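J.:
Residue numbers (our numbering): 399 to 617.
Shown next as structure tokens:
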């Protein structure tokens, strides 16, 4: 029988942990359950990851690092094309949400499971998860905040942050609950039509980003 390589062992553990955290939650998914599914021993988990907390971080990093690299690469291209001109709001939104929605609908990249993991971060908030998400998304948020600021130079700073949060919230909702739209529309809308979803979201969110500032805004 061929021995399993270290890289294969690590992948087995990550696959099992990803599914377990999505199915059971971060607290309820035990290392014992994960190693049973992966077919490895506890020593292998400690060797590759060191702790359950580090394993959780590795599970997210495996999926989010490529996603965020793609986003930043696309944003670099937008900025290079724009030169000294203001960025286009629709294009900035597109490169922020597009890669994420495509990942969410791609079973080959673990998309459906990853989206359930994101749902867990909302349902089971903790200081550890908040720090983890900040570490994963900190650079992305800073870059895209600067991009939106460039695209909408007259928007007050506090309003800018509110609206970026609304963009992120809309993206997270459609990613984590795609079937709700199909039910609400009686089947008229197909949540699996990723490009349609991206197009509709970009149009809607860009309008919101450009909207007149509320007159009731605190001065």
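In this text, a Cβ means the ideal position worked out from N, Cα and C, and glycines have one as well. Keep in mind the model is a prediction, meaning the values are calculated, not measured.
So is residue 412 buried or exposed if we call it buried at 16+ other beta carbons inside 10 Å?
T.: Here the question's residue 412 lines up with position 14 in the chain shown. Classification for residue 412: buried.
J.: Please go through the region 414-472 and give each complete alpha helix (DSSP H) segment of 4 or more residues, from N-terminal end onward.
T.: Listed in chain order, they are 429-436 and 440-446.
J.: Along the alpha helix (DSSP H) that carries residue 537, what are the first and last residues, could you check?
T.: As a first step, residue 537 must be located in the chain shown, where it is residue number 139. Start and end: 525-549.
J.: Out of 538, 423, 589 and 601, state which residue places its alpha-carbon closest to the alpha-carbon of residue 515.
T.: Looking up residue 515 in the chain shown gives position 117. Comparing Cα-Cα distances from residue 515 to each of 538, 423, 589 and 601, the minimum goes to 423.
J.: With DSSP collapsed to three states, give me the class of residue 594.
T.: Translated into the one-based positions of the chain shown, residue 594 becomes position 196. In the structure shown, residue 594 sits in a helix (DSSP, three-state: H, G or I).
J.: Is residue 614 helix, strand or coil when you go by DSSP?
T.: Here residue 614 refers to the residue found at position 216 when the chain shown is read from its first residue. Coil at residue 614, not helix or strand.
J.: Any idea if residue 512 is buried or exposed, counting beta-carbon neighbours within 10 angstroms, 16 or more meaning buried?
T.: Position 114 of the chain shown, counted from the first residue, corresponds to residue 512. Buried: at least 16 other Cβ atoms inside 10 Å.
J.: Going along the chain, which residues of its own chain have a beta-carbon closer than 6 angstroms to the beta-carbon of residue 600, five neighbours each way excluded?
T.: Indexing the chain shown from 1 puts residue 600 at position 202. 488, 491 and 492, listed in sequence order.
J.: Express the C-alpha separation of residue 486 and residue 549 in angstroms, rounding to a whole number.
T.: Translated into the one-based positions of the chain shown, residue 549 becomes position 151. Translated into the one-based positions of the chain shown, residue 486 becomes position 88. Each residue's Cα considered, the two are about 6 angstroms apart.
J.: For residue 400, which of helix, strand or coil comes out of DSSP?
T.: Translated into the one-based positions of the chain shown, residue 400 becomes position 2. Unreliable placement is indicated for residue 400, whose pLDDT of 47 sits below 50; no coordinate value is reported for it.
J.: Could you pull the start and end residues of the alpha helix (DSSP H) that residue 510 belongs to?
T.: What you label residue 510 is simply residue 112 of the chain shown in a count that begins at 1. Residues 509-521.
J.: Give the straight-line distance between the Cα atoms of residue 570 and residue 610, rounded to the nearest whole angstrom.
T.: Within the chain shown, residue 570 is the residue found at index 172, counting from 1. Within the chain shown, residue 610 is the residue found at index 212, counting from 1. Spanning the two alpha carbons is a distance of roughly 25 angstroms.
J.: Specify the secondary structure class of residue 497 as computed by DSSP and reduced to three states.
T.: Here residue 497 corresponds to residue number 99 of the chain shown, with the count starting at 1. Residue 497: helix per DSSP, three-state reduction.
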